[in-house]
Every structure is written in structure tokens, then in C-alpha cells.
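Below is one structure, written out as C-alpha cells; the observations come after it.
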Amino acid sequence: WSKRNMHDEL
Amino acid sequence: MNVFRLSGDVSHLLAILILLMKIWKTRSCAGISGKSQILFALVYTTRYLDLFTSFISPYNTAMKVFFIASSYATIYLIYLKFKATYDRNHDTFRMEFLVLPVLVLAFVVNHDFTPLEILWTFSIYLESVAILPQLFMVSKTGQAETITSHYLFALGMYRALYIVNWVYRYYFEGFYDLIAIIAGVVQTVLYCDFFYLYVTKVLKGKQLTLPA
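For the protein sequence lines, the chains are A and B, in the order given.
Quick note, this note's numbering runs 14 ahead of the 1-based positions in the first sequence.
Quick note, this note's numbering runs 175 ahead of the 1-based positions in the second sequence.
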């Protein structure tokens, strides 16, 4: 996953 | 994690708790749009599918489970338990006018043409307009209970705080996600009219009434 697509947010 | 995102999540959690409290205590869902709650359940279901595939932190997992569970619990309260108090005649916004364009947009504008990513994008776009049936219902009934306006204020503030979080992450982490940012700005702008009424009326102890 590239950094942008980490989706670490809710 | 930063203080803006944390306070955004807390505001979101608060909004959901206020809504559940309102329905449970008053044993009524008068003034609440069941359609918006259905859209929110769809938002969380499509966004948190990665609940089983990617672990970020216990906090992240716990919040995702809570948001999914509470959204379905709210739908249960509105459409089953207290359905006699559900104001069907004023909750008339056509959900398909939101879901279909958002679905098309998610297929056209996304970061990655994979099922999980398209569902995440669909969820982000849908969340930005999911409150419209509720705002439409408030404008149609011309007023909202004070507790409902607190719910809407907390819900609106959650994404407004996320915008500050995105500014922070851009400058301090070099991270940004244009899809989330643009959808988040649209979502927050939709609340502006309500924010104005909330600050000028509800905070002064008046009833939230819209000029009919």
C-alpha cells in the first residue's frame, strides 16, 4: 500500500 | 494520531451517544431521519471492511466496531423498536439520488481500481452527503429538538476537526489524501447553515427553528 492509501484514519 | 483527529473522533463518538441517548430516553425517534442513519450504516460497512484485513491499533479497531454496531443499533431503534414514533412523512429525501451518483463517482475518481479501494472511496463520498436527509427533514419540519441539534453539532464538528487534522498531517507528515479532504470539506460546508443557527439560537437557549 502506498503511503497515501494507508487509510489509518476512521 | 494528533489532537485534532482524536478530538474529531471523540466528537463523532459523542454525537452517536447523544443520538442513542435521545432515542432511548425519550423512547422516540421523532425528528430523526432514518434514511440518514441507513446511509451512515452503509458508510461504515463499506469503509471498515478492512477491519479483518489490516490492523492499525486497538483504538482504531474498537472505534470501527463501535461505529458499525451503533449505526445498526440506531436503525433497529428507529425502524423496529420505536417505529411508531418514526416520522415517515417528513423523512422523504430520495436516498437513490445520493447513492447512485456517489457510486458512479467512486468508480471514476479513486486512488486504486480495486474492490476494497472503490468501496472505501464510495464510503468517503457517501459520508459527505449522508446527512442531507436529516437536514432536509429539519428544514421540512421547520424545527429540531435541542438534543437533536446537539447531535448534529457534534456530528458536524467531527469532520471539521478532521480538516484541521489533514492540514496538520500535510505540514508535519507530508501526508494528504485529496479524496478524503475534498469530501470532508463538502461535508462540513453542508453543516454551515446549521452551525449558524446552532450558535445564534441553541447556544442562547432558544429552540432551533428554521424560517419556514
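All C-beta atoms in this analysis are idealised placements derived from N, C-alpha and C, irrespective of residue type, glycine included.
Boundaries (first-last residue) of the alpha helix (DSSP H) holding residue i
i: Lys-239 of chain B; result: 233 to 251
i: Gln-382 of chain B; result: Note, Gln-382 of chain B: premise wrong, no alpha helix (DSSP H); not H, not E.
i: Tyr-254 of chain B; result: Where Tyr-254 of chain B is concerned, there is no enclosing alpha helix (DSSP H), given that its DSSP letter is neither H nor E.
i: Cys-367 of chain B; result: 353 to 375
i: Gly-209 of chain B; result: 209 to 222
i: Asp-184 of chain B; result: 178 to 201
i: Gly-331 of chain B; result: 321 to 348
i: Ala-281 of chain B; result: 271 to 283
i: Ser-314 of chain B; result: 307 to 316
i: Thr-289 of chain B; result: No alpha helix (DSSP H) contains Thr-289 of chain B, which DSSP labels as neither H nor E.
Distance, residue j Cα to residue i Cα
i: Met-196 of chain B; j: Ile-354 of chain B; result: 33 Å
i: His-325 of chain B; j: Phe-347 of chain B; result: 32 Å
i: Ile-231 of chain B; j: Tyr-343 of chain B; result: 20 Å
i: Pro-386 of chain B; j: Pro-308 of chain B; result: 18 Å
i: Lys-17 of chain A; j: Phe-350 of chain B; result: Because Lys-17 of chain A carries a pLDDT of 46, less than 50, the predicted location of this residue cannot be relied on, and no value is offered for it.
i: Asp-22 of chain A; j: Trp-199 of chain B; result: 32 Å
i: Tyr-247 of chain B; j: Lys-381 of chain B; result: 32 Å
i: Val-360 of chain B; j: Asp-352 of chain B; result: 12 Å
Integer Cβ distance of residue i from residue j, believed to fall under 8 Å
i: Gly-183 of chain B; j: Leu-310 of chain B; result: Between Leu-310 of chain B and Gly-183 of chain B the Cβ distance is about 20 Å, and since that is not below 8 Å, they are no contact.
i: Ala-205 of chain B; j: Asp-262 of chain B; result: 6 Å
i: Lys-376 of chain B; j: Leu-383 of chain B; result: 6 Å
i: Met-295 of chain B; j: Arg-180 of chain B; result: A small correction: the amino acid at residue 295 of chain B is Trp; Met does not occupy that position in the sequence shown. That belief does not hold up - the Cβ atoms of Trp-295 of chain B and Arg-180 of chain B are roughly 17 Å apart, past 8 Å.
Any non-hydrogen atom of the ligand SAM closer than 7 Å to residue i Cβ
i: Met-312 of chain B; result: The ligand SAM is absent from the structure shown, which contains no ligand whatsoever.
### Query
Are the segment 246 to 255 of chain B and the segment 195 to 214 of chain B touching, with three or more C-beta to C-beta distances below 8 Å?
A contact exists between the segment 246 to 255 of chain B and the segment 195 to 214 of chain B.
### Query
Do three or more CB pairs link the segment 298 to 307 of chain B to the segment 209 to 229 of chain B at distances below 8 Å?
Flag = yes, the segment 298 to 307 of chain B and the segment 209 to 229 of chain B touch.
### Query
Three or more C-beta pairs closer than 8 Å, one from the segment 176 to 195 of chain B and one from the segment 234 to 248 of chain B: is that the case here?
Contact holds: three or more Cβ-Cβ distances are below 8 Å.
### Task
Examine the Cβ distances between the segment 284 to 300 of chain B and the segment 325 to 333 of chain B and report whether three or more of them are shorter than 8 Å.
With a cut-off of 8 Å, the segment 325 to 333 of chain B and the segment 284 to 300 of chain B do not count as touching, because too few Cβ pairs lie within range.
### Task
Determine which residues of the segment 230 to 253 of chain B have a Cβ less than 8 Å from any Cβ of chain C, and write them out in chain order.
Among the chains of the structure shown, chain C does not appear; the protein chains present are A and B.
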